[in-house]
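Chains Y and S, in that order, are what the protein sequence lines are.
Using this note's numbering, the letters of the first sequence map in sequence onto residues 1 to 426.
Using this note's numbering, the letters of the second sequence map in sequence onto residues 427 to 852.
Number of protein chains: 2
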Amino acid sequence: MMNESARNTPPYADPAQLERYAELIVAHGVNVQPGQLLQIASETIHKDLVLAIARKAYERGAKLVVTDLADPRHARLRIERTARDEDLDFLPRFVAARYDELVDEEAATLSLIGSEDPDLMEGVDAKRNNRVRMSRFKSLRRFYDEGINQLKVQWCVAAAATPAWGKKVYPGLAPDAACAALWRDILSMARADRPDCLALWDVHNAKLNARAAKLTSMGLDELRFTGPGTDLVVGLSPQYKFRGGGDKSTRGALFEPNIPTEEVFTTPDYRRTRGHVRATRPFLCNGTMVEGLELGFEGGVIKRLVASKGQEVFSEYTKSDAGASRLGEVALVGIDSPVYRSGKVFQEILFDENAACHIAVGRAYAYCLVGGEAMTDEEKAAVGCNDSSAHLDMMISSEAVDVTGRLRSGGEVPLLKGGSWVGDLA
Amino acid sequence: MMNESARNTPPYADPAQLERYAELIVAHGVNVQPGQLLQIASETIHKDLVLAIARKAYERGAKLVVTDLADPRHARLRIERTARDEDLDFLPRFVAARYDELVDEEAATLSLIGSEDPDLMEGVDAKRNNRVRMSRFKSLRRFYDEGINQLKVQWCVAAAATPAWGKKVYPGLAPDAACAALWRDILSMARADRPDCLALWDVHNAKLNARAAKLTSMGLDELRFTGPGTDLVVGLSPQYKFRGGGDKSTRGALFEPNIPTEEVFTTPDYRRTRGHVRATRPFLCNGTMVEGLELGFEGGVIKRLVASKGQEVFSEYTKSDAGASRLGEVALVGIDSPVYRSGKVFQEILFDENAACHIAVGRAYAYCLVGGEAMTDEEKAAVGCNDSSAHLDMMISSEAVDVTGRLRSGGEVPLLKGGSWVGDLA
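And the structure:
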């Protein structure tokens with residue numbers, strides 16, 4: 001017997017909205033093309049939604065839908081129980097082969113986030129945990145370089161609720177009710193609660209594209225973030241290019257890397273970062289929550305680091321390689337964001353990074369520099385385009401934070417005041 | 427929070443017996459060695475048992491446990507919804523890369539059978555279904571040739587109950603009770619209901635090894651099966667070698683390809699098969715149940731084929747290639763088998779083939795011929811060792827069937843009478 005819709009999920013979410021969400025993901029998120037290979041990676045708990053998405057992909061002519069259904073408990077089991085430390089570096093070649101093939105095929109790939117157990121990695125050995133992450137990154141290097149940075153794949157990260165994640169956001173509700181409430185948030189922030197969802201996304205995309213274009217055309221030299229605990233200057237390259245909204249893959253298909261997305265973002269010249277910054281929301285690092293983080297930058301590198309929770313995990317993470325303690329991304333989000341307006345902390349970066357301005361340590365997106373797609377590693381290094389096995393976003397704005405642009409031509413221009421976009425950036 | 431045992435399964439099975447079963451699978455089935463890679467393939471429904479098995483594998487020093495958790499509904503979805511027929515031939519290279527790597531690594535690989543929906547493939551287009559199967563086989567050719575036939579991997583197929591499968595075996599019970607009853611059968615047939623389970627397996631293995639050795643040393647030229655609807659002669663090669671019980675991998679580890687196992691089996695000279703045969707139990711072909719099958723062989727090839735159910739699916743299967751309508755295996759099982767004695771038809775080949783003598787059309791096991799591991803394809807063909815993308819077992823004995831051996835030296839010797847082993851074969 002076939003499952004014609006997201007059968008097991010409807011206790012938690014409106015079936016019509018879920019169908020629309022699946023359609024949004026397939027048509028707009030990965031935008032599967034006729035004859036194209038689609039990969040869907042997800043925890044097993046989302047298998048009904050995965051099936052509904054696969055069905056829609058075949059309706060659009062997908063060549064094949066391959067799944068990567070994971071039980072996340074194996075990740076912790078491995079870190080805790082592997083007898084020999086060096087075995088933590090082992091990643092089968094077929095994993096790299098899989099991601100290389102996504103590049104060769106110019107495939108589409110979807111990741112559904114939302115964990116059956118968001119606390120799974122709490123307390124796990126930070127060094128061992130990070131060692132596993134690094135070995136995976138090294139194996140997937142080509143996918144990141146060509147698939148993501150050269151736009152050879154259409155990729156999308158979207159979310160699905162779980163009872164345990166729901167409890168994180170709605171601690172006062174029972175797990176099922178919390179899951180249902182979180183689904184309402186997810187569907188609403190994805191605009192899937194509206195019949196004209198796809199048209200709304202087109203309008204939204206156009207707005208983000210336009211905002212990014214304006215910021216690119218302004219001739220910015222630096223961004224300065226000021227607020228409680230924060231006075232941070234992020235230097236930009238002369239080649240900086242803001243992006244926002246959908247991207248276009250090498251096969252010419254528009255896709256949406258994140259659902260939802262509210263940010264415009266660019267690649268800084270990491271060497272010019274200076275000052276101090278306070279994170280305004282908690283965020284996960286290698287599966288562990290980091291709270292109350294404060295960073296001090298000197299000469300583009302983190303020189304001071306304190307956190308009220310998760311400090312060791314974050315510290316270990318920034319030691320992954322030289323680039324892990326330098327900036328790779330700066331993103332601007334206004335408090336008009338529906339994620340911000342929801343008033344919630346989702347404890348999932350896909351949402352929280354779309355609630356506030358954020359910076360990321362680690363690997364930069366070369367395509368946020370003019371000509372970046374074709375740059376060699378040497379050329380990237382020469383313009384301060386950061387390289388690393390790491391990439392971790394952290395939120396740094398709120399209604400108490402202003403963002404000011406310093407122009408290459410001299411002078412300053414306010415970009416966000418009290419968290420809100422200023423002037424024609426709104 | 428970690429799952430320290432097969433947490434979600436205990437409503438259906440005794441936890442201590444399940445733990446013992448996991449231990450049997452790891453220690454005796456795949457016999458994971460320190461530093462070895464283990465793959466576990468299973469439907470998602472068995473994820474708790476998979477985790478329990480992985481934990482035991484790490485305790486034995488496994489380098490890494492990789493899982494392949496499948497939602498079987500995608501198989502039907504693909505066959506039904508793929509827009510272009512030719513896309514059904516596509517199998518990503520990374521799938522072959524995965525199985526090639528198991529060979530290169532001299533890894534261990536476990537398949538847990540037992541479906542969340544045993545009827546899933548009923549009524550699906552037979553040609554499209556078989557097309558997908560063939561493309562997969564072609565991609566996994568090296569794994570079958572080197573991994574299985576040259577014993578480079580330790581492989582094991584074991585079972586886990588599901589409510590829907592339980593209902594097939596116990597139609598009068600509610601799904602949960604049926605699942606619990608089936609688990610009792612599985613654990614009992616695996617001897618995991620006995621504290622001395624591993625020692626019992628050693629004794630059982632020795633018995634099967636000895637029976638196989640006796641049959642090998644007898645100098646058999648042909649096996650003749652006689653009973654209602656059956657008078658079948660299966661010719662053997664002069665190099666025939668019966669096998670039964672565990673095998674030894676190239677890295678020197680004993681392993682158990684099937685849990686349970688009650689058979690001794692060998693590779694026939696397919697060219698010498700003649701007569702007619704009636705299947706004594708239903709069996710699955712490409713996911714569809716075949717019932718009431720009768721076959722007529724001439725010159726080693728199926729020339730007549732009728733079935734009361736699943737005839738089209740089986741017929742399509744035997745047309746996969748030339749070898750799919752020729753014999754690749756003959757196996758002897760007595761009614762002392764606990765699977766037979768259970769009095770049940772399990773509708774899963776892992777069990778039903780261990781309840782009765784069986785033949786298989788399709789690919790032969792070269793290692794059932796003296797020197798077979800090193801034979802070229804031409805050498806195999808010269809001795810009637812069948813090659814095919816197919817391999818499908820079907821049961822052909824009962825208490826009403828006798829098996830007689832015809833000796834190369836002339837004369838006949840009874841092997842099974844009324845389903846029971848004769849003389850010192852018992």
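Quick reminder that beta carbons are idealized off the backbone N, C-alpha and C, glycines included.
Does residue i come out as helix, strand or coil in the three-state DSSP assignment?
{"i": "S:N434", "result": "Unreliable placement is indicated for S:N434, whose pLDDT of 42 sits below 50; the coordinate value is still reported in the next sentence. If DSSP states are grouped into helix, strand and coil, S:N434 belongs with coil."}
{"i": "S:M427", "result": "Note on S:M427: pLDDT 30, under 50, position unreliable in the model; the coordinate value appears next. Note: S:M427 maps to coil in three-state DSSP."}
{"i": "S:F569", "result": "helix"}
{"i": "S:L415", "result": "Chain S is shown from 427 up to 852; residue 415 of chain S falls before or after that span and cannot be answered."}
{"i": "Y:S427", "result": "Because chain Y here runs from 1 to 426, residue 427 of chain Y falls outside it and cannot be looked at."}
{"i": "S:R610", "result": "helix"}
{"i": "S:S468", "result": "strand"}
{"i": "Y:S338", "result": "For clarity, residue 338 of chain Y is Pro in the given sequence; the question names Ser instead. Of the three classes helix, strand and coil, the one that applies to Y:P338 here is helix, per DSSP."}
{"i": "Y:D424", "result": "helix"}
{"i": "Y:A83", "result": "coil"}
{"i": "S:I725", "result": "The sequence given here places Gly at residue 725 of chain S; Ile does not occur at that position. Coil."}
{"i": "S:Y596", "result": "coil"}
{"i": "Y:D269", "result": "coil"}
{"i": "Y:V345", "result": "coil"}
{"i": "Y:R136", "result": "helix"}
{"i": "S:K473", "result": "helix"}
{"i": "S:E689", "result": "coil"}
{"i": "Y:A307", "result": "coil"}
{"i": "Y:G29", "result": "helix"}
Please identify the residue among the options whose C-alpha is closest to the C-alpha of residue i.
{"i": "S:A852", "options": "S:L641, S:W591, S:W609", "result": "S:L641"}
{"i": "Y:L151", "options": "Y:V333, Y:G371, Y:G300", "result": "Y:G371"}
{"i": "S:P621", "options": "S:L833, S:R730, S:D440", "result": "S:D440"}
{"i": "Y:D393", "options": "Y:S325, Y:L208, Y:S237, Y:E312", "result": "Y:S325"}
{"i": "Y:Y317", "options": "Y:S389, Y:A213, Y:K168", "result": "Y:S389"}
{"i": "S:K489", "options": "Y:R60, Y:L77, Y:R84, Y:E80", "result": "Y:R84"}
{"i": "S:A442", "options": "S:D619, S:A501, S:H500, S:Y525", "result": "S:D619"}
{"i": "Y:K309", "options": "Y:E291, Y:K303, Y:Q39, Y:I302", "result": "Y:E291"}
{"i": "Y:K241", "options": "Y:T250, Y:M218, Y:T226, Y:T261", "result": "Y:M218"}
{"i": "Y:E146", "options": "Y:I396, Y:D377, Y:W421, Y:P414", "result": "Y:D377"}
{"i": "Y:K207", "options": "Y:D231, Y:W183, Y:G246", "result": "Y:G246"}
{"i": "S:P664", "options": "S:L464, S:Y696, S:G845", "result": "S:Y696"}
{"i": "Y:G299", "options": "Y:G418, Y:V233, Y:T261", "result": "Y:V233"}
{"i": "Y:V361", "options": "Y:T261, Y:K319, Y:G410", "result": "Y:K319"}
{"i": "S:N575", "options": "S:C794, S:V809, S:G836, S:V848", "result": "S:C794"}
In the DSSP assignment, find the alpha helix (DSSP H) that holds residue i and state where it starts and stops.
{"i": "Y:S315", "result": "311-318"}
{"i": "Y:D117", "result": "Element bounds for Y:D117: n/a, residue is neither H nor E."}
{"i": "S:F777", "result": "775-778"}
{"i": "S:P840", "result": "That residue, S:P840, is in no alpha helix (DSSP H); its beta strand (DSSP E) goes 838-843."}
{"i": "Y:V103", "result": "93-104"}
What span of residues does the beta strand (DSSP E) with residue i cover, start to end?
{"i": "Y:D393", "result": "391-395"}
{"i": "S:H784", "result": "784-788"}
{"i": "Y:D402", "result": "402-407"}
{"i": "S:V659", "result": "656-661"}
{"i": "S:E805", "result": "It is not in any beta strand (DSSP E) - S:E805 instead sits in the alpha helix (DSSP H) that spans 803-808."}
{"i": "Y:R274", "result": "274-278"}
{"i": "S:A750", "result": "Unbroken run through S:A750: none, as it is neither H nor E."}
Kindly give me the distance between the Cβ atoms of residue i and residue j, rounded to whole angstroms, as I take these residues to be in contact under 8 Å.
{"i": "S:V897", "j": "S:A483", "result": "Shown here, chain S extends from 427 to 852; a query on residue 897 of chain S therefore has no answer."}
{"i": "S:V550", "j": "S:K770", "result": "That belief does not hold up - the Cβ atoms of S:V550 and S:K770 are roughly 26 Å apart, past 8 Å."}
{"i": "S:T692", "j": "S:L662", "result": "7 Å"}
{"i": "S:I612", "j": "S:L536", "result": "The pair is not a contact, with the Cβ atoms about 15 Å apart (cut-off 8 Å)."}
{"i": "Y:A428", "j": "Y:G29", "result": "Given that chain Y is displayed from residue 1 to residue 426, the structure contains no residue 428 of chain Y and the question cannot be resolved."}
{"i": "S:F699", "j": "S:L753", "result": "The displayed chain sequence assigns Thr, not Phe, to residue 699 of chain S. Right, the Cβ-Cβ distance comes to about 5 Å (below 8 Å), so this counts as a contact."}
{"i": "S:G722", "j": "S:D657", "result": "Not really, about 10 Å apart at Cβ, beyond 8 Å."}
{"i": "Y:L407", "j": "Y:D221", "result": "6 Å"}
{"i": "S:R557", "j": "S:L514", "result": "5 Å"}
Closer than 8 Å, Cβ to Cβ, to anything on chain Y: give me those residues from the stretch 456-480 of chain S, in chain order. Cβ contacts with chain Y: P460, G461, L463, T470, K473, V476, L477, A480.
Any C-beta of chain Y within less than 7 Å: which residues of the stretch 797-819 of chain S qualify? From the stretch 797-819 of chain S, no residue has a Cβ closer than 7 Å to chain Y.
Could you please tell me which residues of the stretch 93-110 of chain Y, in chain order, have their CB closer than 7 Å to any CB of chain S? Cβ contacts with chain S come from R93, F94, A97, R98, E101.
Using a Cβ-Cβ cutoff of 9 Å, what residues of the stretch 319-352 of chain Y are near chain S? List them in chain order. Those would be none; no residue qualifies.
Please identify, using Cβ separations under 8 Å, the residues of the stretch 76-90 of chain Y that lie next to chain S, in order along the chain. Residues passing the 8 Å Cβ filter: R76, L77, R78, E80, R81, T82, A83, R84, D87, F90.
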